[in-house]
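Q:
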Amino acid sequence: MKFPKVYSLEDIANLLQCKFVGDASFPVYGMNEIHVVEPGDIVFVDHPKYYDKALDSAATIVLINKEVDCPEGKALLVSDDPFRDFNILTNHFKPFQFANVSISASAKIGEGTIIQPNTFVGNNVVIGENCLIHSNVSIYDHTVIGNNVTIHAGTILGADAFYYKKRPEGYDQLISGGRVVIHDNVGIGALCTIDKGVTGDTTIGEGTKIDNQVHVGHDTFIGKKCLIASQTGIAGCVIIEDEVTIWGQVGTTSGITIGAKAVILGQTGVTKSVEGGKSYFGTPIEESREKLKQLANIKKIPEILNKMK
Numbered sequence: 106m107k108f109p110k111v112y113s114l115e116d117i118a119n120l121l122q123c124k125f126v127g128d129a130s131f132p133v134y135g136m137n138e139i140h141v142v143e144p145g146d147i148v149f150v151d152h153p154k155y156y157d158k159a160l161d162s163a164a165t166i167v168l169i170n171k172e173v174d175c176p177e178g179k180a181l182l183v184s185d186d187p188f189r190d191f192n193i194l195t196n197h198f199k200p201f202q203f204a205n206v207s208i209s210a211s212a213k214i215g216e217g218t219i220i221q222p223n224t225f226v227g228n229n230v231v232i233g234e235n236c237l238i239h240s241n242v243s244i245y246d247h248t249v250i251g252n253n254v255t256i257h258a259g260t261i262l263g264a265d266a267f268y269y270k271k272r273p274e275g276y277d278q279l280i281s282g283g284r285v286v287i288h289d290n291v292g293i294g295a296l297c298t299i300d301k302g303v304t305g306d307t308t309i310g311e312g313t314k315i316d317n318q319v320h321v322g323h324d325t326f327i328g329k330k331c332l333i334a335s336q337t338g339i340a341g342c343v344i345i346e347d348e349v350t351i352w353g354q355v356g357t358t359s360g361i362t363i364g365a366k367a368v369i370l371g372q373t374g375v376t377k378s379v380e381g382g383k384s385y386f387g388t389p390i391e392e393s394r395e396k397l398k399q400l401a402n403i404k405k406i407p408e409i410l411n412k413m414k
């Protein structure tokens, strides 16, 4: 997420009421999670296990809960609670905007697009040309939809990321300030849920088709011309490359990559990254031919035991 203008390190430290290490005028362009940071971004880290990863990332400003040696060319914001302060920044630069109409006056809707009754279109939404948005769809603020997109009834674009920090008093949510971006010629079935990014985008690539009752987690990237069948659950920060086919009731863990033209058979648990161009099945996931051989061999166990007796 980029800020509306360039701020100084001192400006951000004053906003958070925290100490800083580095030149007071050090430029701050935005904030992002570690997997999408760029120079000029703030990244937060609140566990020693991840200090080095954050300090060595592309981010040039690290919001951290310990004063450590600052890498050359970077700056630190030293906070007693980086998680809390990251939320303060999100609330400040991307505050929630109340809506009192079904289609916001700030929404931009292209020529030839049809929006059926009872659909909600939030603030600063962009919808391209010749789209068909069926009834009872909810399109949250800042969502971007391309041309020739069809979205069926009851689908929700832009709900919050499922991202929490456990505290003694309960779970503290990381506030989502990102977007959902849907490219041209995408089809989305009924009752799907696509969460927005925490600070970046959840992206559905051109020509991808999604069946009914599919969930896509925050900051996930789905490539071009993918097919995703019903009751699939895709976790956050997943990369699905072009022309992947995912059959029904597949579930994934977060932060993995599914290679281009891979086929994931139904009810598979995608527990790790997998290469493209192959077919996979089972939990834990394996190449489908190997997994099916294993299942055939398991069926032989009673016969083997009887022979042993």
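All residue numbers for the sequence shown refer to the numbering used here, where the first residue is 106 and numbers rise by one. Idealized CB from N, CA, C, for every residue including glycine.
Once DSSP output is grouped into helix, strand and coil, what is the label at L181?
A: Strand, per DSSP.
Q: Here's the rule I'm using: 16 or more other beta-carbon atoms within 10 Å means buried, otherwise exposed. How should R394 be labelled?
A: Answer is exposed; the Cβ neighbour count stays below 16.
Q: To which residues of the same chain is A180 closer than 6 Å at the C-beta, ignoring the five residues directly before and after it?
A: Taken in chain order, the residues that qualify are L114, G127, F131, I166.
Q: Using only CA atoms, which one of L397, G374, L194 lies nearest to W352?
A: W352 has its Cα closest to that of G374, out of L397, G374, L194.
Q: Ends of the beta strand (DSSP E) at F267?
A: Neither: F267 is in no beta strand (DSSP E) and is coded neither H nor E.
Q: Quick one: residues in its chain with C-beta nearer than 7 Å to the C-beta of R272, no 5 flanking neighbours on either side, listed in chain order?
A: Contacts found: none.
Q: Using three-state DSSP, classify K405 as helix, strand or coil.
A: Correct three-state label for K405: coil.
Q: Go to Y112, then tell me how far its alpha helix (DSSP H) extends in each direction, as first and last residue.
A: First-last for Y112: 107 to 113, but that is the beta strand (DSSP E), not the alpha helix (DSSP H).
Q: Between the segment 298 to 310 and the segment 323 to 337, do at least 3 Cβ pairs fall closer than 8 Å?
A: A contact exists between the segment 298 to 310 and the segment 323 to 337.
Q: Going by DSSP, what residues sit across from P132 in a beta bridge?
A: Per DSSP, S113.
Q: Residues in the same chain with beta-carbon distance under 8 Å from A365, minus the five sequence neighbours each way, listed in chain order, please.
A: Correct list, in chain order: G328, E346, D347, E348, V349, G381, G382.
Q: By how many angstroms is the C-alpha of F198 removed from the C-alpha of A129?
A: Rounded to the nearest angstrom, the two C-alpha atoms are 20 Å apart.
Q: Within the chosen definition, does the segment 222 to 229 reach the segment 198 to 211 through at least 3 CB pairs nearer than 8 Å?
A: Touching, yes.
Q: From E311 to G233, what distance separates their C-alpha atoms?
A: For E311 and G233, the distance between alpha carbons rounds to 13 Å.
Q: Excluding five sequence neighbours on each side, which residues of the same chain lie with their C-beta closer than 6 Å to the C-beta of F188?
A: Excluding sequence neighbours, F188 sits near D151, K270.
Q: Residues in its own chain within less than 8 Å of G106 by CB, not counting five upstream and five downstream?
A: For the sequence presented, residue 106 should be read as Met rather than Gly. So the qualifying residues of the chain are G135, M136, N137, T195, F198, K199, G282, G283, T304, G305.
Q: Using DSSP bridges, identify the partner residues of S384.
A: DSSP lists V368 as partners of S384.
Q: Enumerate in chain order the residues of its own chain whose CB-to-CB distance from L121 is below 7 Å, with the five nearest sequence positions on each side excluded.
A: Cβ within range, chain order: L182, S184, D190, I193.
Q: Since I believe V319 is in contact with G294 (beta carbons under 8 Å), could you give me their beta-carbon distance rounded to a whole number of angstroms?
A: Sure, about 7 Å apart at Cβ, within 8 Å.
Q: Work out the CA separation of A340 and F149 for me, nearest whole Å.
A: Cα to Cα, the separation comes out at about 21 Å.
Q: Using the Cβ count rule (16 or more neighbours within 10 Å means buried), how would you classify A401?
A: Its Cβ having fewer than 16 others within 10 Å, A401 is exposed.
Q: Could you compute how far the alpha carbon of C123 sits from the alpha carbon of F267?
A: Rounded to whole angstroms, C123 to F267 spans 27 Å at the Cα level.
Q: Determine whether the Cβ of Y134 lies closer than 8 Å to any Cβ atom of chain B.
A: Protein chains in the displayed structure number just one, and chain B is not present.
Q: How would you write the range of the alpha helix (DSSP H) that I139 sits in, first residue to last?
A: No alpha helix (DSSP H) contains I139, which DSSP labels as neither H nor E.
Q: So, under 8 Å CB-CB, A144 and A163 are touching, yes? Tell me the CB distance rounded to an integer number of Å.
A: Reading the sequence as shown, one finds Pro at residue 144 and not Ala. About 6 Å separates the two Cβ atoms, so the contact holds.
Q: Enumerate, from N- to C-terminal direction, the unbroken beta strand (DSSP E) stretches of 3 or more residues contained entirely within the segment 195 to 274.
A: List check, beta strand (DSSP E) in window: 261 to 264, 269 to 272.
Q: DSSP on D151, reduced to helix/strand/coil?
A: Coil, per DSSP.
Q: Assuming contact is defined by CB atoms lying nearer than 8 Å, are T218 and V242 in contact in what I supplied?
A: Cβ distance not < 8 Å, so T218 and V242 don't count as in contact.
Q: Does DSSP classify L332 as helix, strand or coil?
A: Of the three classes helix, strand and coil, the one that applies to L332 here is strand, per DSSP.
Q: With distances taken from CA atoms, which of V141, K396, Q354, V111 is nearest G360?
A: Here the closest residue by C-alpha is V141.
Q: Do I354 and Q372 have their C-beta atoms closer together than 8 Å?
A: Per the sequence presented here, residue 354 reads as Gln, with Ile not at that position. For Q354 and Q372, yes; Cβs fall inside 8 Å.
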